[in-house]
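Let me begin by presenting the structure, written as structure tokens, before commenting on it.
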Amino acid sequence: MAPLTSLGSISTALPLSPGSSAAPKDASSFKNLLLESLDHVNSMQKDADLAVQQLVTGGDANPAEVLTAVQKADLSFRMMMQVRNKLMQAYQEIKDIRI
């Protein structure tokens, strides 16, 4: 089974210190950030599915690592859905602005 990836890499994606500039250098960087995040969530889901499959079929899988992989995949999916919901809410608010 492949080693589990850590969520620490997510925190380094955006500069969060007060003095740092969070402005994108080009218009596609936000899009790229979202697409990379979706790819990361997808790969975590695939890793968790593979780990569960190995556990069920009697492969070399540690149940604690399988549970951790499934929980990480679930948490990352839930976070992705919350980001999606916030983006849709912001879009609706912008759409409802009267000029």
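Each residue of the sequence shown is one higher than the one before, counting from 0 in numbering that gives the first Met the number 0.
Just so it is clear, CB atoms sit at the ideal spot from N, CA and C, and this is done for glycine as well.
query	result
Length-filtered (4 minimum) alpha helix (DSSP H) runs lying within the stretch 24–55	27–55
Boundaries (first-last residue) of the alpha helix (DSSP H) holding Asp-59	Unbroken run through Asp-59: none, as it is neither H nor E.
DSSP three-state assignment for Asp-73, whether helix, strand or coil	helix
Under the three-state DSSP convention, the category Arg-83 falls into	helix
Whole-angstrom distance between Gln-81 and Gln-53, CA atom to CA atom	30 Å
Buried or exposed by the 16-neighbour rule on C-beta atoms within 10 Å, applied to Ser-28	exposed
Counted within 10 angstroms of its Cβ, other Cβ atoms place Val-119 as buried (16 or more) or exposed	No information on residue 119 is available, as it lies outside the stretch 0 to 98 that the chain covers here.
Ile-93 in three-state terms, based on DSSP	helix
Residue closest to Asp-38, alpha-carbon to alpha-carbon, out of Asp-59, Tyr-90, Ala-72, Met-87	Ala-72
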